[in-house]
Every structure is written in structure tokens, then in C-alpha cells.
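Data first, discussion second: the structure below is written as C-alpha cells.
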Amino acid sequence: MASLMENLLEVLEKEDTEYQSLILLGKEKKDILVKGDIPALEKITVREQDVSSVLRNLEIRREKIMDDMSIVLNKPKNELTIVNMIEILSKRPEEQARLQELRARLKDTLAEMAKVNDQNQRLTKQALELVEYDLTLFKSMRQAPETANYNRNAYNTGEILGTTGFDAKQ
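Quick look at the structure:
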């Protein structure tokens, strides 16, 4: 059980480190979104995907450790939460304190990450709205209203207002 607990603590520390790096990338992404630097945005997205892949592997490893712990402790896997593990470790105060500290740190890290992600989501939405507005504006600038311009024989010339001007004599 001791080695399993050490493995769990190690994985949790690595997860916190990776989430911290995602926060840094998120803050960097915020500046990139403000600048509208698309190539830099693509690069940072690739870096985020790399960190996410590492986190996924750590999650799989953590789940395997928790499976092994549930077997050793003869408890259902769904009962082995971090809070329950802290209670189980009451006879091992050093590991208990370390797990409590890691839980608090991860909780703070994830709260900060959620805040950064929310900011970036709002910035991305605003950028998309601005692009949509610009596209609409450009489309409307290229399209002048078609008017009924008639020549002397009462035929519609089909010209668009502004190409030949308005004939005040008619």
C-alpha cells in the first residue's frame, strides 16, 4: 500500500505541474487572442494539445493506481476519493498531510485554470463576433441597391445606382 500511495502522490504532483503549464499557456493565449495573431494561436494550440495528452496519460495511470488501491483496501473504487483517502491515512500523518496539501493545491490550480479558460472563451467569442461583423460590412459595401433606371425608350437599363449616376433630366 505504501508504494501505491507514493505512486498516487507522484502522479497527483505531476498532474498539478501539467495543469500549471496549461494555465501559463492559457495566459499566453489570452495575449495572442487580444493581438489576433493567428499563426501564434495555432502554435499555442498544438502545445496545449501536447500537455493535454500528457495529462490524459497521467489520468490513466492514476485510475490504475486507484484500481489497485481498491483491491488492496478491499473497498469499491467509487468510494476511493481523495477526501476518503485522507481519512484512510489517519494512521500515517505524513502521507495524510502531503495528500491534503496536494488536494488543496490541485483545487486552487483547477480554479485558476477555469478562470483563465473562461476569459479566453469570452475573448474568442468576441473575436468571432468582430470577424462576423467585418464580413457583413464588407459584403454590404460590395452590394449597392439595384434601382429601376430607365432609358428614353422606357426600358430598364439594369444598371446599379452609382455606376452612371442619377440623371436629373428625367
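Residues 34 to 203 in this note's numbering are what the sequence shown spells out, letter by letter.
Every residue, glycine too, gets a C-beta built ideally from N, C-alpha and C.
What you are looking at is a predicted structure, and each value in this text was computed from that prediction instead of being measured.
For Pro109, the secondary structure class from DSSP, reduced to helix, strand or coil, is coil. Non-local C-beta neighbours of Leu58 in its own chain, meaning closer than 8 angstroms and more than five positions away in sequence, comprise Ile77, Arg80, Glu81 and Val84, ordered along the chain.
An exposed status is given to Met174, since fewer than 16 other beta-carbon atoms sit within 10 Å of its beta-carbon.
No residue range can be given for Leu122, since it is assigned to no alpha helix (DSSP H) and is classified by DSSP as neither H nor E. The DSSP-derived three-state label of Gly69 is coil. Straight through space, the alpha carbons of Val105 and Asp141 are spaced by roughly 30 angstroms.
Judged by their CB atoms, Leu42 and Arg131 are nearer to each other than the 7 angstroms cut-off.
In its chain, beyond the 5 residues on either side, no residue has a beta carbon closer than 6 angstroms to the beta carbon of Glu165.
Residue burial annotation: Val116 is exposed, with fewer than 16 other C-beta atoms found within 10 angstroms of its C-beta. Close CB contacts of Lys47 within its chain, under the 7 angstroms cut and outside five residues either way in sequence, are with Leu91 (chain order).
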